[in-house]
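Chains as they are written, first to last, in my numbering: chain E, 2 to 112; chain V, 20 to 134.
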């Protein structure tokens, strides 16, 4: 089956520091999505990447899809306490027959 | 508020029992997905329905079953419950059948505790 890995598992940063989480797949992906889950909350869709090498930005968040479409990254510049939560990548095949969430990266931001 | 509703919010039951979790998708969404999230764990995809038909199956136990009704709401039935079934169960919905990156909108979840 499809394998999706995320690193790191946990990340503790001081407020104002940058943060990056990586998502790696064992197979070439048609697309990748990123979700954020706040403590005690539910996952919330952040963005979808489709094209090889694609880079998208949302304010302090930068998302990148690898050239080979096997990996992706989420970078947060100058973290804030509101960034606390778990960031998941999610992948599916073209037919939606195999939808997999990565194990997530839990981000803690110390004020 | 994602527009997806789930009931009940909390459920406490005993081993061996059977429970039903309910999900109403966002207005206009035809797909419903079910996920299990154990404490401090990731999201395990269980099953997906699209317009009343089973579309994709993940790591769903035989003791679990689901269905989507003509009004598009869905129910997840968990039977012969075990302690290890204690988890947060999320429902998500999307417009399309899935694949090709259909955005999923998650409900608030049902927290199941099996004693």
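Where a beta carbon is used, it is the ideal one built from N, C-alpha and C, also for glycine.
- For residue 41(V), the enclosing beta strand (DSSP E) begins and ends at 38-43.
- For secondary structure counted as the alpha helix (DSSP H) over 4 or more consecutive residues, the stretch 16-87 of chain E holds no complete run.
- Taking a beta-carbon distance threshold of 8 Å, residue 40(E) does not count as an interface residue toward chain V.
- Sequence-ordered contacts of the stretch 99-133 of chain V with chain E read 107, 109, 111, 115, 116, 117, 118, 119, 120, 121, 122, 123, 124, 125, 126, 127, 128 [C-beta pairs closer than 9 Å].
- Contact residues of the stretch 58-76 of chain V toward chain E are 59, 60, 61, 62, 63, 64, 67, 69, 74, 75, 76 (C-beta to C-beta distance below 9 Å).
- With a 10 Å radius around the Cβ and a threshold of 16 neighbouring Cβ atoms, residue 102(V) comes out exposed.
- Between the C-alpha atoms of residue 107(E) and residue 85(E) there is a straight-line separation of about 8 Å.
- Distance from the Cα of residue 23(E) is smallest, within the candidate group 5(E), 81(E), 53(E), for 5(E).
- Three or more Cβ pairs drawn from the stretch 41-58 of chain V and the stretch 88-104 of chain V lie within less than 8 Å of each other, which places the two stretches in contact.
- The beta-carbon separation of residue 72(E) and residue 26(E), rounded to 7 Å, stays under the 8 Å limit for a contact.
- Nearest CB-CB separation between residue 9(E) and chain V: not below the 8 Å threshold.
- Put simply, of 133(V), 87(V), 131(V) the residue whose alpha carbon is nearest the alpha carbon of residue 52(V) is 87(V).
- CA-CA distance, residue 42(V) to residue 25(V), rounds to 5 Å.
- A residue is called buried when at least 16 other Cβ atoms come within 10 angstroms of its Cβ; residue 88(E) meets this threshold and is buried.
- Using a CB distance cut-off of 8 Å, residue 15(E) does not count as an interface residue toward chain V.
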